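Number of protein chains: 2
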Amino acid sequence: MKLSEMTREQLVEFKNEVQSEYDSFKARGLKLDMSRGKPCSEQLDLTMPMLDTLNSSSDLKSENGTDCRNYGILDGIPEAKKLFADILEVSADEVIVGGNSSLALMYDTITRAMLYGVVGSERPWCKEEKIKFLAPVPGYDRHFAICEKLGIEMINVPMTDNGPDMDIVEELVANDSSIKGIWCVPMYSNPGGTTYSDETVKRFASLKTAAPDFRIFWDNAYCIHHLSDTPDKLLNIMEECKKNGTENRVYIFTSTSKITFSGAGLAAMATSIENIADIKKSMTVQTIGYDKVNMLRHTRFFGNKENVFEHMKKHRAIIEPKFNAVLSALEAEIAPIGGCEWSRPNGGYFISFNAPKGCAKRIVELCKEAGVVLTGAGATFPYGKDPDDRNIRIAPTYPTVSDLSLATKLFCICVKLACAEKLLAE
Amino acid sequence: MKLSEMTREQLVEFKNEVQSEYDSFKARGLKLDMSRGKPCSEQLDLTMPMLDTLNSSSDLKSENGTDCRNYGILDGIPEAKKLFADILEVSADEVIVGGNSSLALMYDTITRAMLYGVVGSERPWCKEEKIKFLAPVPGYDRHFAICEKLGIEMINVPMTDNGPDMDIVEELVANDSSIKGIWCVPMYSNPGGTTYSDETVKRFASLKTAAPDFRIFWDNAYCIHHLSDTPDKLLNIMEECKKNGTENRVYIFTSTSKITFSGAGLAAMATSIENIADIKKSMTVQTIGYDKVNMLRHTRFFGNKENVFEHMKKHRAIIEPKFNAVLSALEAEIAPIGGCEWSRPNGGYFISFNAPKGCAKRIVELCKEAGVVLTGAGATFPYGKDPDDRNIRIAPTYPTVSDLSLATKLFCICVKLACAEKLLAE
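Top to bottom, those sequences are chains A and B.
Here the first sequence is numbered in the working numbering, starting from 11 and rising by one per residue.
Here the second sequence is numbered in the working numbering, starting from 11 and rising by one per residue.
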């Protein structure tokens with residue numbers, strides 16, 4: 011029975027039952043973590059053979075003859091550039107292979123814009139009176155943290171089933187030249203699991219922007235992270251931009267953090283040739299180049315993108331049951347009480363859960379008190395402020411299936427309890 | 011006979027002889043590179059066994075239980091922090107272990123100062139009207155390039171046999187609050203091979219600075235890179251700073267770029283606990299952390315600092331003969347003609363050569379035309395401008411001994427030719 015249809019008496023009874031379930035859970039002293047989108051040990055184990063691809067008798071030369079052990083090459087060895095180019099469906103000369111963190115590449119890119127500007131800038135962004143970014147919400151907390159740290163004001167743009175609300179995006183960027191960029195996770199978005207529609211991608215490519223140096227930070231973190239036999243498809247934004255002559259507008263990012271090792275993978279970015287040349291002018295000052303031996307380790311392990319795709323199937327086999335465990339618990343426990351919504355993603359790392367207004371913080375708090383850590387309520391919004399206090403990001407991949415089932419059971423109890431409390435307080 | 015003592019006739023004859031030697035060298039079509047301080051293949055081979063320390067059956071947990079394959083840990087795994095702490099003679103909680111490039115750590119550090127300021131700053135450095143750095147000269151071109159890129163004005167400070175001229179340093183920093191920092195390579199300096207005296211280090215630690223947020227960028231790249239049985243000793247600047255309560259003043263950098271793999275080693279920085287805390291507040295926004303698997307690979311390979319020191323002896327055995335080849339050629343060929351000076355370093359990667367005024371560019375040009383690439387004349391000075399056009403940095407490590415002998419032979423011919431040309435033109 012839906013909570014909204016219960017009499018006050020029924021609701022009190024419901025709450026009391028749930029409260030006693032909660033109390034007995036709390037007494038168990040759990041210590042579980044569903045807070046971050048981290049791969050589990052089994053997933054990391056899949057990549058252990060990669061460590062055997064290079065040993066003391068290996069030839070550590072790149073296919074172009076470069077000794078990967080020594081200094082040299084800013085933008086990555088050719089075979090690594092090609093692998094990422096194939097995955098991102100761009101050309102190898104549109105790729106820079108970085109260190110182990112695409113977040114670091116994004117931070118670096120925006121920092122360079124602050125200090126030096128980008129192709130088309132009238133001045134460094136830090137010399138502008140005010141800079142703003144659009145933040146599709148709910149979104150990725152680490153994107154928002156970069157803007158907050160740099161003093162870039164964020165404007166929330168609601169996500170739809172097709173991506174950010176493009177009517178709003180178009181209106182804002184056309185009229186405000188202080189809006190210099192937007193954060194996008196275009197495929198299996200974090201946390202909603204949404205893949206941007208073809209129309210959304212086309213509208214991004216053809217945006218009329220008041221700022222001459224507007225940039226799309228296209229964080230394609232989950233481009234090949236499918237959880238379905240009928241995966242989503244994302245239109246190639248680089249190709250669309252080229253049709254519109256706007257290819258300097260987009261910075262595409264990805265990494266192998268959720269393909270090989272999260273802490274020791276490869277990150278890459280793709281952008282126009284003109285942007286690449288501009289970036290390399292700064293990179294040559296800022297580093298001696300990224301770890302080429304690790305690039306070689308990755309490319310020798312995979313060989314080609316088809317093998318990467320095969321590898322991803324093994325990831326799916328490990329994490330799909332975890333997503334299903336959460337989703338079926340929500341279906342069984344939360345669907346009946348009504349008032350909540352959640353995503354059923356075809357890929358990516360998260361389930362986005364929307365509680366009734368004003369309940370998210372309370373749910374996270376209840377979970378925490380009973381020993382289950384969730385991503386903080388509000389984290390999916392700029393400045394940690396979810397205006398409706400509704401959204402919770404569930405990250406099912408890291409715990410074991412049995413821990414996850416337990417944590418989800420508790421989560422459902424906390425949702426029920428918070429919802430009942432809320433209705434009773436009204 | 012010294013050129014300066016020759017009659018014009020003798021000088022013309024000398025020049026003609028050298029010119030014909032040069033011409034026959036040129037005809038050989040050499041293609042040699044003495045431009046960068048890169049280790050040679052044999053040196054890199056020393057570290058090949060490191061690749062065997064981790065394989066598919068290894069336990070990739072840090073000593074604190076962290077799975078190095080996954081996300082987590084900003085400042086490095088404990089064993090890597092300890093190894094660098096031991097090498098730099100600081101405590102492990104004063105260390106951040108970074109990626110594969112200490113240059114990138116330096117760039118990051120100065121960029122953070124630009125964008126956010128440092129402990130003690132009144133505002134971000136980029137909000138100051140003007141920022142200046144002191145540049146001991148001759149020095150390292152990549153340090154200077156960072157300042158130039160960021161629009162930080164550099165003021166030359168001459169090097170003495172004890173380090174930068176501290177009378178000048180003290181005078182400048184006491185009276186100009188726009189001077190925010192200084193670049194130092196305190197041990198086996200690049201290119202001069204000078205190790206700062208105890209007095210110099212003490213004077214750095216007790217500097218009275220007009221800027222409340224003055225910083226010493228202490229690039230201790232060659233701290234254990236000895237070429238002698240009686241190596242130089244550098245006073246511990248962190249300890250000296252602590253005696254003066256100035257420990258927030260110093261950022262120490264080093265790396266294994268010339269210990270393990272130049273392109274795939276570890277970099278580290280050391281500074282006060284207060285600075286570390288401040289830096290980590292930014293780091294948590296800018297990256298998911300550096301490659302912990304590579305940290306583990308290094309610490310398992312070395313175990314402790316004593317083994318690192320043993321490893322460095324093997325490097326010395328490879329490169330010391332190269333230094334000696336250059337030095338004995340200079341002694342035999344250039345000492346007799348007079349007018350030139352060069353360093354005889356106890357360690358590091360370079361020989362600093364001072365030609366007569368106005369000759370350095372010409373020498374580099376002559377070498378280049380005959381197929382030997384040297385570091386560009388002027389590169390050891392800010393903005394590439396050697397006011398006396400004297401200094402040339404010789405990097406003997408990368409070529410084979412036979413290539414190096416050939417290149418040095420040519421270098422000596424070019425020096426003679428340029429000196430003779432110069433005298434004849436006067």
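Beta carbons: idealized from backbone N, C-alpha and C, even for Gly.
Predicted model only: the values in this text are computed from it and were never measured.
{"Asked": "Per-residue contacts from F214/A into chain B (C-beta, under 8 Å)", "Found": "Neighbours of F214/A on chain B: none; closest Cβ ~26 Å, over 8 Å."}
{"Asked": "Cβ-based neighbour list, A389/B, same chain, cut-off 6 Å, excluding 5 preceding and 5 following", "Found": "D151"}
{"Asked": "9 Å Cβ cutoff, N80/B in contact with chain A", "Found": "yes"}
{"Asked": "Per-residue DSSP class, three states only, for M231/B", "Found": "Reading the sequence as shown, one finds Ala at residue 231/B and not Met. Three-state DSSP puts A231/B in coil, outside helix and strand."}
{"Asked": "Close Cβ partners of F35/A (< 8 Å) along its chain, the five nearest in sequence each way excluded", "Found": "A380, K419, L420 and I423"}
{"Asked": "Selection of the stretch 99-113 of chain B by Cβ proximity to chain A, strictly under 7 Å", "Found": "G109, N110, S111 and L113"}
{"Asked": "Among N317/B, E27/B, N166/B and E132/B, nearest to V147/B - alpha-carbon criterion", "Found": "N166/B"}
{"Asked": "Straight-line gap, A95/A to C136/B (C-alpha atoms, nearest Å)", "Found": "36 Å"}
{"Asked": "Within chain A, partners of Y117/B - CB distance below 8 Å", "Found": "V295, Q296 and T297"}
{"Asked": "Distance between D398/A and V295/A (C-alpha atoms, nearest Å)", "Found": "45 Å"}
{"Asked": "Chain A within 9 Å of P313/B, Cβ atoms only", "Found": "With the sequence shown as reference, residue 313/B is identified as Gly, and Pro is not the correct amino acid for it. Judged by the 9 Å Cβ criterion, G313/B is not in contact with chain A."}
{"Asked": "Contact set for C429/B: own chain, Cβ-Cβ below 8 Å, skip 5 residues either direction", "Found": "L13, I347, G349, C350, A365, P366 and C369"}
{"Asked": "Sheet register partners of P146/B (DSSP bridge)", "Found": "V167/B"}
{"Asked": "Contact set between K48/A and chain B, taken where Cβ atoms lie within less than 9 Å", "Found": "N80, Y81 and G82"}
{"Asked": "Contacts around F363/B, its chain only, beta-carbon distance under 6 Å, and the 5 residues preceding and following it disregarded", "Found": "W352, I402 and I404"}
{"Asked": "P409/A and M44/A closer than 9 Å at C-beta", "Found": "yes"}
{"Asked": "Bounding residues of the alpha helix (DSSP H) (the contiguous stretch that carries M116/B)", "Found": "S112 to Y126"}
{"Asked": "DSSP bridge partner residues for D384/B (one or two, in chain order)", "Found": "One detail in the question is off: residue 384/B reads as Leu in this sequence, not Asp. DSSP, once it has assigned bridges, lists M44/B as partnering L384/B."}
{"Asked": "N- and C-terminal bounds of the beta strand (DSSP E) containing T264/A", "Found": "V260 to S265"}
{"Asked": "Spatially closest choice to L113/A from T210/A, E181/A, S265/A and K48/A, by CA coordinates", "Found": "S265/A"}
{"Asked": "Cross-chain neighbours of K302/A in chain B, by beta carbon under 8 Å", "Found": "G273 and A274"}
{"Asked": "For D77/A, three-class secondary structure by DSSP", "Found": "strand"}
{"Asked": "DSSP three-state assignment for G82/A, whether helix, strand or coil", "Found": "coil"}
{"Asked": "8 Å CB neighbourhood of T297/A in its chain, flanking five on each side removed", "Found": "L84"}
{"Asked": "Three-state secondary structure assigned by DSSP to R38/B", "Found": "coil"}
{"Asked": "When D208/B, P88/B, G313/B and I189/B are compared against M197/B, the one with the closest alpha-carbon", "Found": "D208/B"}
{"Asked": "Interface flag, T410/A vs chain B, CB-CB below 9 Å", "Found": "no"}
{"Asked": "For E425/B, the three-state DSSP class (helix, strand or coil)", "Found": "According to the sequence shown, residue 425/B is Val rather than Glu. Helix at V425/B."}
{"Asked": "Contacts around D288/B, its chain only, beta-carbon distance under 8 Å, and the 5 residues preceding and following it disregarded", "Found": "V128 and V129"}
{"Asked": "Burial state of N254/B (16 or more Cβ within 10 Å)", "Found": "exposed"}
{"Asked": "Any C-beta of chain A under 9 Å from that of A405/B", "Found": "no"}
{"Asked": "Exposure label - F263/B; buried when at least 16 CB within 10 Å", "Found": "buried"}
{"Asked": "Where the beta strand (DSSP E) containing S362/A begins and where it ends", "Found": "I361 to N364"}
{"Asked": "Identity of the residues DSSP links to K71/A by a beta bridge", "Found": "D77/A"}
{"Asked": "Contact with chain A by N285/B, beta-carbon distance below 9 Å", "Found": "no"}
{"Asked": "Spatial neighbours of L64/B in its chain, beta-carbon cut-off 8 Å, leaving aside the 5 residues before and after", "Found": "L70, V303, L306, R307 and R310"}
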